[in-house]
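Read the structure below first, then the notes.
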Amino acid sequence: MGLIRSHVLVCAGTGCVSSGCKMMQEAMQQALERHGLSSEIKVVETGCFGFCKEGPIVMVYPEGTFYCQVKPEDVEELVSEHLLKGRIVERLLYKEPVSERAISLFNDIGFYQKQQRVALRNCGKINPESIEEYIARDGYQALAKAVTQMTPTQVIEMVSESGLRGRGGGGFPAGRKWEFARVAQGDIKYVVCNADEGDPGAFMDRSILEGDPHSVVEAMAIAGYAIGAKQGYVYVRAEYPIAVERLSIAIKQARELGLLGKNIFGSGFDFDLGIRLGAGAFVCGEETALLTSIEGHRGTPRPRPPYPAVKGLWGKPTLINNVETFANIPVIILHGPAKFKSIGTDTSPGTKVFALAGNINNTGLVEVPMGTTLREIVYDIGGGIPGGKAFKACQTGGPSGGCLPAELLDTPVDYDSLTAAGSMMGSGGLIVMDEDNCMVDVARFFLEFTQDESCGKCVPCREGTKRMLEILERITNGEGVAGDIELLEELAEVISRTSLCGLGQTAPNPVLATLKFFRDEYEAHIYEKRCPAGVCQALLSYAIVAEKCKGCGLCKKVCPVDAISGDLRQPHTIDKDKCIKCGACVAKCPFKAISR
Amino acid sequence: MERIKLTIDNKPVEVEAGTTILEAAQKIGVHIPTLCYHPELRLEGACRICVVEVEGLRNLVASCVYPVADNMVVKTNSESVRRARKTVLELLIANHPMDCLVCSRHGECELQDLSRQLGIRQVRFTGGKRDMAVDESSHSIVRDPNKCVLCGRCVRVCAETQAVSAIGVANRGSSSIVTTPFNKGLADGPCVGCGQCINVCPVAALREKDDTERVWGALHDPQAHVVVQVAPAVRAALGEEFGMRPGSLVTGKTVTALRQLGFDQIFDTQFAADLTIIEEGHEFIHRLKNNVNLPLITSCSPGWVGYCERFYPEMLPHVSTCKSPQQMFGVLAKTYYAERANINPANIFSVSVMPCTAKKSEAAREEMQSSGYRDVDAVITTRELASMIREAGIDFANLPDSEFELPMGMSTGAGTIFGVTGGVMEAALRTVAEILDGEELPSLEFQQVRGFAGVREATIRIAGQPVRIAIANGLAHAKRLLDSIKAGEAEYHFIEIMGCPGGCIGGGGQPLSTDPEIRMHRAAALYRQDMLKKVRKSHENPAVKELYRSFLGEPNGEKAHQLLHTHYQARSRY
Amino acid sequence: MMTVAQLNSIRDRVRKELLIREPHNRLVVGVGTVGIAAGAREIMAAAMEVVNTLGLDMVVVGEDLSVPAEQMPVVRFIGADGEEITFTSVTASKIREIVKDLADKVGTAENA
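Protein chains in written order, with our numbering: chain A, 356 to 951; chain B, 122 to 695; chain C, 4 to 115.
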């Protein structure tokens, strides 16, 4: 036919690559050849659609049919039925968790309905390796507008006016940061993009770099123009190979078209970008540690003041924003601050991207207007808790954040509300916990993470988190003693008030937050030697309730260490010395006769 | 300069903008405890011992790095400051062996001092402690990671002051350690043994290799004839170990103490320093006349020699082939002295007392046995000598003076000033100028070469010729000087390099102090002694003249070459 | 160096290609087994050729439209405003006329 009539978009984000999209895509190409369709149907690799749980994801246009979990063996049917005969393949459509209803259109899926995509506007819509597709969606128009029609001050005024706050965690007003860097004295200045995303489970920045790298390139050039920098660096972790590759391609393409380099749009403004790889140290997400790492040293934080805007990379004024913050910039410049401010709340305009994880039906990446409640995110977008279990807590802000209980599910998600509730926005991790999660164990998990990832430079963080973790380990091991909670609180206070950088200052938060809302769980562990959620192995004791036991013998068969004995149709018993607390018997017992 | 007004503990203070809270507090006599802070090193703000409360800030701030601001209200002893400071210190101590009673730094440990000062009476954290092997690979320095408090002062001095970077921080979180490249022994890395890390270590995580037991063994051995030499810088500092004022000159007391300890012959390294000037002076004249291998660079400092071998091997042909005074002395003790005193050199145990830890490694170099025996058997530092004196119960401060033995105890003022940066150059100029000019110098003080600037340069007219000289102290300054030569930006005839800041008086074996002024006091003592000496030019030392007449022959002659000169080799850093 | 005009020309050119992903007006060709047997693919090719030549803001979609076999091939126009017009027993030459007639209604991709 020669003319393209259909685009088949295949998600090639890290999540879908892991679930096998590359093989599926190869099979797709072969099937199209076989059916003689390869000249009329174009297969396009895109960035992340966000619905990673359902990957690999395939989107067929112009119909806009959303297929999920597409395997290589599904491809033949998809091609011969849908692409050739125009029949939607029902069995590959997304099905709603409760109603089992198959939904063919992307926008009809609950997961997407309450989302509003600004930072992720191009993710899953365009081929991230095609600068032309980015340009077709108004890419580089904001840069053109900034450098040809606006003064640097006007650019910064616009950013300030938008009310955009740093999406990396602290929520510092971006416009003010830009202004500090602009007025700072210095012949050389730098723009740095923090893409050292490190919160466990978070992948907002990775998805933007994988799905829409040009948005970051464009925003950094705008920032360079605004503050008077000619050079920028993207500091991205080496564990993000796809993001690094797509970003490298984007930079190369932008240079080839003259969108980076000398005299951009004939304005006399020069700007270029380089990529610096991080080795995956969590602390390098802290801005001064990140700069130290770029300089080639061990990535440890530096005391502030002086702030990077005054004395940053190689001692020069430096503007640092994270990926998501930058991704919002072209939208603000192009469409104006009023439009941006129409989304979100007064003090937190715009949207926020979250990585939904934990005990929730729809895991993945979501972008919602600020002010959306946790309940909407967990139930409407996230589809609720699997297995009908009860919601217990919602962890935001990653290892620096806190856990909010069910009573606070109606908290609107914005910087100030989350902080007031006792948690924080952080960079966008959102982990849902249900009744089977032990909150002491959750705190222990996060402390283990931060003490592992502490850079070791300052004493409170290096030594203090170690001691806090030891106390938590003691408690979860059933060795907690009176005074442990108070010692934890004292350490938490000192660590948060004396640590050198944000990592240390916020490291005790998971403990403080769980103590605030779930203190009874700590007390149960310490004083009653009991783990209410049944998680802490050392505190579990398996026993068979004689009245419930029918003597079926299933538990005896499944026990790997022969700890269960009893005659058929007689109540069985567990030998506690032999029992290794694996829980196999509990899972097997049809009468729920085994207690922990 | 903008002036800033603030109050600290209700006391008003006015300082320049850019001053830190700590500096401002020091100015009005408010004492804030510190640990990772060191006045001569880059600021880290790492240990958080110096935290203070600033009104309006939620968090406590590290006063050593936090700049003052107008109308700032600082509290250094509020309840939250006291509690935070004590908890931070308690955390540090909890990961420390707490074996104070048997620790080499007992009584002069900053951690101990802080614990006493802050009144720590309990350690509530009972979990794990660091448990790592002690690194005893080096002849100079012992590294005990278990005692380390990770203040990073050693890492900074090694990188910043010495440009060596033999140690750095590795691993993360509570697994962080100060370690060597690839976790090898210190001896297998770039370490030059200068011991500056020891001088800044607040605890005993870095200490000199203790050789006192070997010396005691020799002293107690009836067969051994124990001779000892004392380096110039020792006498300007040893008194500090016994509560004497910095800059006290304790030459006579040192000799008396050594005699009481049981040394058989007490000699002076300064004798060998004068000898070095004769040899090196003639070597310089030869190179100058023939224009070969200029500039000539001095070789007295083993820290510098080790650095050159590892970092600037291409410069080795410029380094004087003269052994250092310690090694010249060592070889003569077992040849010249043995012959004169009619003692079997096999029975001589030769000890040197040095301000330096690198000297221990120098004495252990393979080639340092031209006497047919190990030329120097044991090297102890000023600190180690002090510990021997204490152990022997000698009341050092009240000892009477006594004199070095002859002939190898005889020295000139030129030999004395070897102990301070620029001293070797000045001593050499006194001799070289007279030889080349053929007439006596009107003034012996070459003020151009004195001082403490990291690199100094001057042009001296000798025999009508301009001679370009340069002096560097501290290896980072040496690096700067060498780089400028390599880049063709500077040209010299003669260079003195001392590995340590201030020269030997600031050596890695000297009494511990965090006071940068201390080096000035020690230097002043040596210049004072020089002034007091009857003979102040090496070539006029009668004992040295006699040595050439009766034993060595000509300066730079065959025997002198065989015994007093050496060679170097490029060494791998890793 | 790239000028703003050059940037805009890339944008306009590629935007037309990307209309497939955000179609305004759709021309649906019935391509079930019966449709294909009746020549739907040739009709589709012809429709696309005209749409392309005229640069229309319209995409051609294949779908299994259920109409009686005797009405095949079938084509249904669905406008951006939801308007639907169905054409039955379409031929390759007829479809060219149909598309041309729809041109005014859909406008050009340029102005999309």
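Where is the CB? At the ideal position from N, CA and C, for every residue including glycine.
Only a predicted model underlies this, so the values are computations on that prediction, with no experimental measurement involved.
What residue from the options has the CA that sits closest to residue i's CA?
i        : options                                : result
Arg16/C  : Glu488/A, Ile359/A, Cys940/A           : Glu488/A
Gly177/B : Cys168/B, Gly451/B, Lys196/B           : Lys196/B
Asn462/A : Gly419/A, Ala634/A, Arg657/A           : Gly419/A
Glu841/A : Val538/A, Pro660/A, Lys871/A, Val589/A : Lys871/A
Val553/B : Asn519/B, Ile590/B, Met529/B, Gly572/B : Ile590/B
Gly719/A : Ser697/A, Arg456/A, Gly784/A           : Gly784/A
Gly908/A : Cys886/A, Pro887/A, Cys940/A           : Cys940/A
Leu773/A : Glu790/A, Gln750/A, Met794/A           : Gln750/A
Thr401/A : Ser394/A, Pro411/A, Glu395/A           : Pro411/A
Gly35/C  : Thr369/A, Glu381/A, Phe421/A, Leu439/A : Leu439/A
Val70/C  : Asp84/C, Phe90/C, Glu52/C, Val64/C     : Phe90/C
Ala535/B : Glu561/B, Leu550/B, Glu404/B           : Leu550/B
Phe517/B : Lys207/B, Val474/B, Leu562/B, Val371/B : Val371/B
Ala645/B : Ser634/B, Lys655/B, Gly627/B           : Gly627/B
Tyr433/B : Leu210/B, Ser261/B, Val313/B           : Val313/B
With H, G and I counted as helix, E and B as strand and the rest as coil, what does DSSP make of residue i?
i        : result
Cys621/B : coil
Tyr467/A : helix
Gln386/B : strand
Tyr428/B : helix
Tyr449/A : strand
Gly616/A : strand
Leu162/B : coil
Val538/A : helix
Gln586/B : strand
Met356/A : Model confidence at Met356/A stands at a pLDDT of 48, short of 50, so the residue's coordinates are unreliable; what they give is reported in the following sentence. Three-state result, Met356/A: coil.
Gly368/A : coil
Met61/C  : strand
Gln631/B : coil
Met122/B : coil
Asn216/B : coil
Pop quiz: residue i and residue j are said to be a contact at Cβ under 8 Å. What is the actual Cβ separation, rounded to whole angstroms?
i        : j        : result
Gly274/B : Cys443/B : The residue you asked about is not Gly; residue 274/B is Arg in the sequence shown. The pair is not a contact, with the Cβ atoms about 34 Å apart (cut-off 8 Å).
Pro660/A : Pro188/B : 6 Å
Cys891/A : Asp796/A : 6 Å
Ser258/B : Ala325/B : In fact, because the Cβ distance is near 17 Å, the residues do not count as touching under 8 Å.
Met383/A : Val398/A : 6 Å
Asn549/A : Gly523/A : 6 Å
Can the beta-carbon of residue i be found closer than 9 Å to that of residue j?
i        : j        : result
Glu617/B : Ile592/B : yes
Gly621/A : Thr503/A : yes
Ile399/B : Ser184/B : no
Val93/C  : Val54/C  : no
Leu802/A : Ser778/A : no
Glu113/C : Gly33/C  : no
Glu123/B : Glu144/B : no
Ala454/B : Val348/B : yes
Ala529/A : Thr680/A : yes
Phe615/B : Leu396/B : no
*Against chain B: residues of the region 801-825 of chain A by CB proximity under 9 Å*: Thr805, Gln806, Asp807, Glu808, Ser809, Cys810, Gly811, Lys812, Cys813, Val814, Pro815, Cys816, Arg817, Glu818, Gly819, Thr820, Lys821, Arg822, Leu824, Glu825
*Taking only beta carbons into account, state which residues of the region 598-613 of chain A come closer than 9 Å to chain C, listed in chain order.*
Result list: Leu612, Gly613.
*Give, in chain order, every residue of the region 582-599 of chain A whose Cβ lies closer than 7 Å to some Cβ of chain B.*
Within the region 582-599 of chain A, no residue has a Cβ that lies closer than 7 Å to any Cβ of chain B.
*Determine which residues of the region 439-456 of chain A have a Cβ less than 8 Å from any Cβ of chain C, and write them out in chain order.*
Leu439, Lys440, Gly441, Arg442
_Contacting positions in the region 171-203 of chain B - beta carbon closer than 8 Å to chain A_ = Cβ contacts with chain A come from Val172, Arg179, Asn180, Leu181, Ala183, Val186, Tyr187, Pro188, Ser201.
*Got a sec: which bits of the region 11-32 of chain C sit with their beta carbon under 9 Å from any beta carbon on chain A, in order along the chain?*
Asn11, Ile13, Arg14, Asp15, Arg16, Val17, Arg18, Lys19, Glu20, Leu21, Leu22, Ile23, Arg24, Glu25, Pro26, Arg29, Val31, Val32
_So if I threshold CB-CB distances at 9 Å, which residues from the region 285-298 of chain B count as touching chain A?_
Gly289, Val290, Ala291, Asn292, Arg293, Gly294, Ser295, Ser296, Ser297, Ile298
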